[in-house]
Structures are given as C-alpha cells and as structure tokens.
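Beneath this line is the structure, given in structure tokens, with notes to follow.
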C-alpha cells in the first residue's frame, strides 16, 4: 500500500518551472531513491513532499495527509533530514538528540541513536567541534528520533567515510525491515544500488526512468565479453551470432558487446571451433550506465 | 516536557555557555550598581542631577543598558543566526513549530532582564538607599519596561534578515536608548525639546518611570502609554513580517 503518493507535481520559482509534473509512489516499508544530476529538482521534490514548500500543481499524500495543509499529524509520522541545515554551535550531540526527542511522544532512546550512528564518544562534544561527517550523522539521527513511519533523507551519506556509510546503510535496512518507509535523495550510485528497492531518476524536473536497480541497469544495455583467444577467430563470425551487437579487436583481446544471451552464444561458438577463451571477463551493465544514459539523452 | 519548555532549557544552557552575553548583560550592570552604592559620595543628592543621587540617577540607566543589550542586540542576533543556520527550518520538520523557539527565546530574554532588573532595584536597599515599598513598585514596573524592549528587538529581528546587520542596528538603537535614559548626559540637564523626544523612546520612558517610582514621585501616564504603544506596535509588525527562512 502506498504511504507516499505524488501525482503531477509542479513547482515554479519565479518564471522558471523546476518540476514539470512528477509522479511517484512509495509503499510502506520500501526504501526508494531519487537520483539525478545537480539542479534536477530532487530537493524541491522532497521538500514539497515534506510540506516545506507548497506545490503549484499536483496532489501529494503522505500517510493520507496533504503536506501543504499544515496538519500537525504529518510531523508525527514524518522525519526529515535536510541538506545544509546546521544546529546551534554550542549544543552538544546528546543535548541535540534529547532536545528533538522532547518533541515526540515516544522517542528512540538517545543512547541507542548515539551508538547506531557511531557518536557515543562525541556525546558531550559541541556541534561546532564535530567533523562534517559527525554533523551529518547527527542530522540523520535527529530525523529518526521520533520513530517516524516515513523518513525523508536528503544527501544521506555525502562526505562520510566508507565505514560510516556502511553502518548507516545497515541501520536503515534494519529500520526498513521494521516497517519504516525511507525516501532518500542521493548522488551515490553505490548507495542507490545497495540500499534502494526502487529508484526514480529525475532530470530537468521530470522522472526520466524508474524501476528496481537491476531493471534500470538491464535497460541500460547489454554485457561486454572480452577474452584472449587461444587461436585467431574471424571477427565477422562472432558478429553474426545471435544477440551480438559489436565485435572489436583490442590488442590481443577480442571484445564482444551484446545482450544478456551474447556471452553464452560466444562461448558456445568458441567451443565448437576448439578455441579457448583465456582471461575471460564478462561485465554486466551497471546503474551508472543507466544513469548516464538517461540523463545524457537530451 | 513541552516543546517550548525543552527549547527554553536549551536556550538557557546555550546562553550560559556564551560568556560575552553573561558578562555584558548581567555582570557589568550588577557590579556597576554595587560599586556606585559603595561610594559614599554617590549616595548623596546632587544639585546637578535635579536632587537625585548618582545611584538613583543611574539605576534606571543600568536597567536600560542591560535590557537593550539583551533585547536589541543579543535577541536579533540569536534569531537571525538560527534562521541563517537553517535551524528554524529544521524545526518546521518536527512537531515543534519554530514559533515555540521564538517563544522560548523571548521568554528567556524576558527572564534575564527581570532578574538583572531585580538585582539593580534591590541591591541599593542593602546600602540603606531607597525603601522596600518604592523598590517593589520599581520591580513591578520592570515588566512593561522589558516588554517594550523585547517588542523593539523582535521588530528588528523581523525586518532585518541578516543577523549581523540586525545586531548592528540593534547596537545603534541601544546607544540611542542609553542616551535617552541619561547614560552620558543626566536627563535632568536635557533641554525641553530633547526631554520630550527622549520621553517617547522606550529608553527615556523606562528611565522616567523607574526614577519616579524609586524617588516616590507621582507616576505619570505618559511613560506607561509610551511603553505599551511600543510593545503593541513592535510585536504587531514583528508577527506580520517575521520569516522562518
């Protein structure tokens, strides 16, 4: 059942329309990613969903509530982490979590969040003394302190080291397994691939592609097979195989491009000729390919 | 604990961690009144001050000094910084409205003004100056005085979005208030036209009100009307123009 529903969302700043009709749904317990280049409208879209901006057109429902209505129940079920939001310089990590905890009826324990976000040894450190990554982790912790049903996280792990990133991913997966719905804006293909059940790619204010990470990657194109043949093989023979779209010689190696069936057909053809494929490499399409393809099309 | 209470406690803690605020608004005025009270000459009535002693003449000035530092400089700076940091916006994403933070900051500044005012009004009693009855009236009158200063500070915070500019304009406004309250030139020697202008500023009205109360003179309607007018105008404009982002 969708907990976030967005239909025909449009937003204009002055004369510039930044969102030209976005449709999006997120089911309960899903982790959905919004990807797109800078200035694509990702942040504007999630700010409209979070009720921080009023759309010019379109319908949005979060848990059945219109975010533009200022309904106080929205703030109970929705936790948001914003880009570029700082806390007072002299507040400590634990004080910040305690402060935000006081806004909710049944907050997560401060110690649990400190531990989950690797901030236990910084609990009495002032915000101004925290590193960028620590400030970022605190900001995510504050979005989750009220046990939200829906969490919107904008640039979740930007600037974090790989270990901290993994820890946050693990925690979010745990929350999603418990039923928390997560909508995240990200630049990181790795993050989207690892974490998201589904992805929307937004470019220039439109959804240009959507699906599971694997679906998007598969749609981006085929596989690449490269090998060192044990004896020469005529390239045209390979090109005529079903599923093969391109064959080229790269020094001693032969590189074959094709669809998902191509690798199997190439290997079968080599076997019938008694040729072995040395140093065989088969690389599948990645989300990066999908992303670059859809955002560079125009 | 309500959101406003939690924010109030937090603001109190952050203020105590900012020594500049505590020194300028609490320590300096309180030390100044103690020093003045302990100088015998400052307790004698002076012809030049219209028959007031130095302590009596400067006690309201110190109240104006502390109130204007807090309400006109500190408050617009704190609120402006919160807006600039995105902290007000961040609060909008929680069940706490940024209005709760505004209420907490105003309440805290009000409490500090009243506490400092209480010290400034009651310390002279320990040096045998004034009477308990008169100083009780002074303490009660601190409430409309503090309200007017808060309203002017809220006005500045609302109409000037940049915290440094707001604080700078606040400093200039504070200096005018100090002048009107007789910090540099005793109010008794103001020429007639200047006294009239000064009396319609919050600084002049506070000084005139508190001086009358402390010396047992009749309290006129003019300073009270002046303070109420500034309070109503200041808060009305502030509420209409304040922006969270």
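Residue numbers (UniProt numbering), protein chains in the order written: chain U, 1 to 298; chain X, 1 to 245.
Even for Gly, the Cβ is constructed at its ideal location relative to N, Cα and C.
Residue-level contact check: residue 82 (chain U) touches chain X, since one or more beta carbons of chain X fall below 9 angstroms from its beta carbon.
Non-local C-beta neighbours of residue 111 (chain U) in its own chain, meaning closer than 8 angstroms and more than five positions away in sequence, comprise 120, ordered along the chain.
By DSSP's assignment, residue 257 (chain U) forms a beta bridge with U:224, U:246. Counting along the chain, residue 13 (chain U) sits inside the beta strand (DSSP E) bounded by residues 2-13.
Straight-line spacing of the CA atoms in residue 223 (chain X) and residue 128 (chain X) works out to 28 angstroms. Within the segment 12-34 of chain X, the residues whose Cβ lies closer than 8 angstroms to some Cβ of chain U are 13, 14, 17, 18, listed in chain order. With a threshold of 16 other beta carbon atoms within 10 Å, residue 100 (chain U) meets it and is buried. With respect to the 9 angstroms criterion, residue 44 (chain X) and residue 120 (chain X) are not classified as neighbours on the basis of their beta carbons. In the DSSP assignment, residue 154 (chain U) forms a beta bridge with U:185. Distance check between residue 167 (chain U) and each of U:4, U:115, U:250, U:122 places U:115 closest, using alpha-carbon atoms only.
Taking 9 angstroms as the threshold, the shortest C-beta distance from residue 162 (chain X) to chain U does not fall below it. For residue 103 (chain U), the closest C-alpha among the options U:33, U:265, U:144, U:202 is that of U:144. Residue range 57-62 is occupied by the beta strand (DSSP E) that includes residue 59 (chain U).
DSSP places residue 44 (chain U) inside the alpha helix (DSSP H), whose first and last residues are 42-49. Here residue 165 (chain U) is not near residue 149 (chain U), since their CB atoms are 9 angstroms or more apart. At the C-beta level, residue 76 (chain U) and residue 105 (chain U) come within 9 angstroms of one another. Secondary structure at residue 91 (chain U): coil, using DSSP grouped into helix, strand and coil. Each of X:55, X:198, X:66 was checked against the Cα of residue 20 (chain X), and the nearest Cα belongs to X:66. Per DSSP, the unbroken alpha helix (DSSP H) holding residue 168 (chain X) starts and ends at 163-180. Residue 234 (chain U) sits exposed, since fewer than 16 C-beta atoms from the chains shown fall within 10 Å of its C-beta. With 16 or more other Cβ atoms inside 10 Å of its own Cβ, residue 42 (chain U) counts as buried.
In the displayed model, residue 279 (chain U) falls within a strand according to three-state DSSP.
At a cut-off of 9 angstroms, the C-beta of residue 2 (chain X) has a neighbouring C-beta in chain U. The contact set of residue 87 (chain U) on chain X, defined by CB atoms closer than 8 angstroms, consists of 85, 87, 90 in chain order. In this structure, residue 57 (chain X) lies near residue 182 (chain X), with their beta-carbon atoms less than 9 angstroms apart.
DSSP places residue 97 (chain X) in no alpha helix (DSSP H); its state is neither H nor E. At the C-beta level, residue 98 (chain X) and residue 88 (chain X) come within 9 angstroms of one another.
In this structure residue 30 (chain X) is not in contact with residue 117 (chain X), their Cβ atoms being roughly 11 angstroms apart against a cut-off of 8 angstroms. If the five residues before and after residue 72 (chain X) are omitted, its C-beta is found closer than 6 angstroms to the C-beta atoms of 153, 170, 173, 174, all from its own chain and listed in chain order. The secondary-structure analysis by DSSP pairs residue 25 (chain U) across a beta bridge with U:5. Looking at the DSSP output, residue 210 (chain U) bridges to U:200. A check of alpha carbon separations from residue 223 (chain U) across U:262, U:80, U:232 identifies U:262 as the nearest.
Bridge partners of residue 126 (chain U) according to DSSP: U:92. The Cβ neighbour count for residue 232 (chain U), taken over all protein chains shown within 10 Å, is under 16; the residue is labelled exposed. Residue contact with chain U for residue 96 (chain X): present (Cβ-Cβ distance below 9 angstroms to some residue of chain U).
Against chain X, the CB of residue 200 (chain U) has no partner CB under 9 angstroms away; the residue lies outside that interface.
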